[in-house]
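Novice: Sending over a structure as structure tokens; questions will come in a sec.
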Amino acid sequence: MKRNFHHDLLKETFADRELDALREATLNSGLAAQRSQRRLRMARNTTLAVAPVLLLLAATLWWHPATAPMPMISTAKIALIPSLKIYPAVKTADMAPIPTISDQELLALYANRSVGLLGKPGQQKLVFFDQPAKSVN
Amino acid sequence: MPSTHATQPFFPLGLTKIQPVAGTIAPLEAGASATATLTHRLATGEEEAFREFHALYFDRLHQFLLVVARGQEHEAREALQETLLRVARGARVFDDEKTFWCWLKAVARNAARDAGRKRTRYSKLLQTFAHFTRPALPTGPDADDDRLTAVIDECLAELAPEDRALLQGKYLAGATVNELSTREGLTPKAVESRLSRLRGELRERVLVKLRQS
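Line order of the protein sequences matches chains A and B. Each residue of the first sequence is one higher than the one before, starting from 398 at the first, in my numbering. Each residue of the second sequence is one higher than the one before, starting from 2 at the first, in my numbering.
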């Protein structure tokens, strides 16, 4: 009772237009702040809900690259790797020596065909006359 | 036990019932108190709950801040505005009214202190000087509430007996203006006018006493 007496007396003692305006303003600003807070909370909850899904998706794509479409540059890399490995592996010492034959021995290999050697010595070409012209080095 | 939504950095000592759980508001238990229901609705951002809270606590917080601001009405109103905004942004769930009021007072004190920090260095210097020269005040959780009650009683005691009787008849006994006019042998308009004058006088006395405290 006494508490209400003091409260009511003070309330009416300090009541004025300025306080009424403040009452209205604080109510409106409080409601606006509450709405803003609610929007923030909703955005945060949405982010929290979506983030794990996105992370899972990203992790799946990262750990299984074969399922993803192969980019063009990868093909080029794959094509280059074997050739790079072959070149250092070639060792002429391990291979059998290439036999050298004379012009007569070469022509003797095609004795039943119409052939001839054309050109300067050292740059000669073997030409078959019984078929359309085709250069053979 | 209701959980709370923690956004306020200040955490008053001794309030063991406040348990902040970041980002979560637990559902309300069945048979919860009116304060628990109101604060839960506030914490979930219900607009109607803020309207109810505002209607219930606006004047009480204003009176409390008048004491905190030592009768400086402008500062009290500025702090009140900030307090209500902080409650709207970071309300928590409380089981009982006493704990809720303690938390509200802590938020209000912080708002008043922060508003004070914004003022100029010169006025801060003056306040510091005034703080060291003024007598010590009673301390404790209800010191400011008790202080205001004591000031009103002092001011009422200083009024003329017939004026005091009129105010007590209106606010303590709850008599209507017509009843008072019959008792005093005055017209209702004259009683209204006298009450208005007495309230003005009381207001000035209260503010002066708070400034001097």
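All C-beta atoms in this analysis are idealised placements derived from N, C-alpha and C, irrespective of residue type, glycine included.
I'd like to check one pair, arginine 212 (chain B) with arginine 71 (chain B): are the Cβ atoms closer than 8 Å?
Specialist: Indexing the second sequence from 1 puts residue 71 (chain B) at position 70. Indexing the second sequence from 1 puts residue 212 (chain B) at position 211. The answer is yes: Cβ separation under 8 Å.
Novice: Does chain A have any CB closer than 8 Å to the CB of threonine 38 (chain B)?
Specialist: Counted from its first residue, the second sequence places residue 38 (chain B) at position 37. So, not an interface residue.
Novice: Kindly indicate which three-state DSSP category leucine 503 (chain A) falls into: helix, strand or coil?
Specialist: Taking the first residue of the first sequence as 1, we reach residue 503 (chain A) at position 106. It is helical.
Novice: Going by DSSP, which residues form a beta bridge with lysine 522 (chain A)?
Specialist: By 1-based counting over the first sequence, the position of residue 522 (chain A) is 125. A:Leu515.
Novice: Any C-beta of chain A sitting closer than 8 Å to the C-beta of threonine 150 (chain B)?
Specialist: Counting from one through the second sequence, the residue named residue 150 (chain B) turns up at place 149. With 8 Å as the cut-off, threonine 150 (chain B) counts as an interface residue toward chain A.
Novice: In the DSSP assignment, the alpha helix (DSSP H) including serine 197 (chain B) goes from what residue to what residue?
Specialist: To locate residue 197 (chain B), count along the second sequence from 1; it is residue 196. Serine 197 (chain B) -> alpha helix (DSSP H) spans 189-213.
Novice: If you reduce the DSSP assignment to three classes, tell me which class proline 13 (chain B) lands in.
Specialist: Sequence index remark: in the second sequence, residue 13 (chain B) carries index 12 (1-based). Reliability of the predicted coordinates at proline 13 (chain B) is poor, the pLDDT of 46 falling under 50, and no value is obtained from them.
Novice: For a contact meaning CB atoms closer than 8 Å, what does histidine 63 (chain B) contact in chain A?
Specialist: On the second sequence, position 62 is the one that residue 63 (chain B) refers to. Within chain A, the residues near histidine 63 (chain B) are Phe411 and Leu416.
Novice: Under three-state DSSP, which class holds glutamate 47 (chain B)?
Specialist: Position 46 of the second sequence, counted from the first residue, corresponds to residue 47 (chain B). Residue state, collapsed to three classes: coil.
Novice: When you compare the CB positions of alanine 31 (chain B) and leucine 66 (chain B), do they come within less than 8 Å of one another, or not?
Specialist: On the second sequence, position 30 is the one that residue 31 (chain B) refers to. On the second sequence, position 65 is the one that residue 66 (chain B) refers to. No; because the gap between Cβ atoms is not below 8 Å, this pair is not in contact.
Novice: Within 8 Å of any Cβ in chain A, is that where the Cβ of alanine 44 (chain B) sits?
Specialist: By 1-based counting over the second sequence, the position of residue 44 (chain B) is 43. For alanine 44 (chain B), the answer is no, since every Cβ of chain A falls outside 8 Å of its Cβ.
Novice: Residues of chain A with CB under 7 Å from histidine 41 (chain B), in chain order?
Specialist: Working through the second sequence from its first residue, we reach residue 41 (chain B) at position 40. Under the 7 Å cutoff, chain A gives no residues; its nearest Cβ is about 14 Å from histidine 41 (chain B).
Novice: What residues from chain A crowd round phenylalanine 95 (chain B), counting only those whose CB sits closer than 7 Å?
Specialist: For the purposes of this step, residue 95 (chain B) is identified with residue 94 of the second sequence, where counting begins at 1. Within chain A, no residue comes near phenylalanine 95 (chain B); the closest Cβ sits about 18 Å away, beyond 7 Å.
Novice: How about threonine 84 (chain B) and leucine 62 (chain B): do their beta carbons lie closer than 8 Å?
Specialist: Along the second sequence, one-based indexing puts residue 84 (chain B) at 83. Along the second sequence, one-based indexing puts residue 62 (chain B) at 61. Yes; because the gap between Cβ atoms is below 8 Å, this pair is in contact.
Novice: The alpha helix (DSSP H) that contains alanine 77 (chain B), what's its start and end?
Specialist: Start at 1 with the first residue of the second sequence, and residue 77 (chain B) comes out as number 76. Start and end: 74-90.
Novice: Indicate the three-state DSSP secondary structure (helix, strand or coil) for phenylalanine 54 (chain B) in the structure shown.
Specialist: Counted from its first residue, the second sequence places residue 54 (chain B) at position 53. Phenylalanine 54 (chain B): helix per DSSP, three-state reduction.
Novice: List the residues of chain A that glutamine 82 (chain B) touches, going by C-beta distances under 8 Å, in chain order.
Specialist: Taking the second sequence and counting its residues from 1, one reaches residue 82 (chain B) at position 81. Those are Leu419, Ala422, Thr423 and Ser426, listed as they occur along chain A.
Novice: Go ahead and pull the three-state DSSP assignment for phenylalanine 65 (chain B).
Specialist: Reading the second sequence from its first residue, position 64 is the one you call residue 65 (chain B). Here phenylalanine 65 (chain B) sits in helix by DSSP.
Novice: What residues in the segment 170-191 of chain B have a beta carbon less than 7 Å from any beta carbon of chain A?
Specialist: Here the close residues are Tyr172 and Leu173.
Novice: For the candidate residues B:Lys190, B:Thr45, B:Val94 and B:Arg118, whose alpha-carbon lies nearest to that of leucine 437 (chain A)?
Specialist: As a first step, residue 437 (chain A) is located in the first sequence; it is residue number 40 there, counting from the start. Closest option to leucine 437 (chain A), Cα to Cα, is B:Thr45.
Novice: By Cβ distance, which residues of its chain are closer than 7 Å to aspartate 97 (chain B), with the 5 residues on each side in sequence left out?
Specialist: Locating residue 97 (chain B) in the second sequence gives position 96, where the first residue counts as 1. These residues qualify, in order along the chain: Ser34 and Thr36.
Novice: Please report how far the alpha carbon of threonine 140 (chain B) lies from the alpha carbon of threonine 150 (chain B), in whole angstroms.
Specialist: Taking the first residue of the second sequence as 1, we reach residue 140 (chain B) at position 139. Taking the first residue of the second sequence as 1, we reach residue 150 (chain B) at position 149. At threonine 140 (chain B) the pLDDT is 47, less than 50, meaning the model places this residue with poor confidence and gives no usable figure here.
Novice: Taking Cβ positions only, does phenylalanine 59 (chain B) come closer than 8 Å to chain A?
Specialist: Reading the second sequence from its first residue, position 58 is the one you call residue 59 (chain B). At least one chain A Cβ lies under 8 Å of phenylalanine 59 (chain B).
Novice: Just to confirm, are leucine 54 (chain B) and leucine 428 (chain A) a CB contact at a threshold of 8 Å?
Specialist: As a position in the second sequence, residue 54 (chain B) is number 53, starting the count at 1. As a position in the first sequence, residue 428 (chain A) is number 31, starting the count at 1. Here residue 54 (chain B) turns out to be phenylalanine, not leucine, going by the sequence shown. No. Outside cutoff.
Novice: Short of 9 Å Cβ to Cβ, which residues in the segment 427-459 of chain A face chain B?
Specialist: Result list: Gly427, Leu428, Ala429, Ala430, Gln431, Arg432, Ser433, Gln434, Arg435, Arg438, Arg441, Asn442 and Leu445.
Novice: If the criterion is Cβ atoms closer than 8 Å, does the pair tyrosine 172 (chain B) and leucine 419 (chain A) meet it?
Specialist: Working through the second sequence from its first residue, we reach residue 172 (chain B) at position 171. Working through the first sequence from its first residue, we reach residue 419 (chain A) at position 22. Contact: no.
Novice: By a C-beta neighbour count over all protein chains shown, 10 Å radius and 16 as the cutoff for buried, is histidine 75 (chain B) buried or exposed?
Specialist: Here residue 75 (chain B) refers to the residue found at position 74 of the second sequence. Classification for histidine 75 (chain B): exposed.
Novice: When you compare the CB of phenylalanine 101 (chain B) with every CB in chain A, is at least one pair closer than 8 Å?
Specialist: Position 100 of the second sequence, counted from the first residue, corresponds to residue 101 (chain B). Chain A, which has no Cβ nearer than 8 Å to the Cβ of phenylalanine 101 (chain B), makes this no.
Novice: Can you tell me whether glycine 91 (chain B) is buried or exposed? The criterion is at least 16 other CB atoms within 10 Å of its CB, across all chains shown.
Specialist: Position 90 of the second sequence, counting from 1, holds the residue named residue 91 (chain B). That one is buried.
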